[in-house]
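**Q**
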């Protein structure tokens, strides 16, 4: 079966009526590209500055990502009316790629397997607790900005 593409200003439709909303894919992808690069380069800089004994880069992006996403969602919901594309770009794309709980889990297991059980436990507790504190701090900051 050959699929035919039909182009419109905002959508690509396959011949069988399947609809791909191109602008959403592009905005999430662009945000993801930016968020993943921000995470990578911040992790590189923090590893160079603080060493590899503890996953500071992952810890930093989890905490700041949790806090900044809370600020963004609160601010965007109360202060301005953002387009769906802007929300997809920032909340879904950027922060979805920037925060790294899958990397956090892997770092924690790697610390444990390397014999650093106390660092593994500290990493697990600190990431979870401080990220929740980051959300609470973000909510407090956003409410003061209102």
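In our numbering, the protein residues as written are 472 to 617. Ideal Cβ placement from N, Cα and C applies to all residues, glycine included.
1) Near residue 582, which residues of its chain fall below 7 Å by C-beta distance, leaving aside the five closest residues on each side in sequence?
2) Where residue 524 and residue 554 are concerned, what is the direct C-alpha to C-alpha distance, given to the nearest angstrom?
3) Assign residue 585 to one of three DSSP states: helix, strand, or coil.
4) Could you check the C-alpha separation between residue 604 and residue 564 for me, to the nearest Å?
5) Quick check: residue 518 and residue 609, are their CB atoms within less than 9 Å of each other?
6) Use the C-beta contact count for residue 542: other C-beta atoms within 10 angstroms, 16 or more gives buried, fewer gives exposed.
7) Can you give the Cα-Cα distance for residue 600 and residue 552, rounded to whole angstroms?
8) Taking all protein chains shown into account, decide if residue 528 is buried (16 or more other Cβ within 10 angstroms of its Cβ) or exposed.
9) My output table needs one value for residue 522: the three-state DSSP class, helix, strand or coil.
10) Measure the Cβ-Cβ separation of residue 607 and residue 566 and say whether it is below 9 Å.
11) DSSP state of residue 602, grouped into three classes?
12) Under DSSP, the alpha helix (DSSP H) around residue 531 begins and ends at which residues?
**A** So, to answer that:
1) 590, 591, 594
2) The alpha-carbon atoms of residue 524 and residue 554 are separated by roughly 42 Å.
3) Coil, per DSSP.
4) 23 Å
5) no
6) buried
7) 31 Å
8) buried
9) coil
10) Taking 9 Å as the Cβ cut-off, residue 607 and residue 566 do not qualify as a contacting pair.
11) Three-state result, residue 602: helix.
12) 527-549
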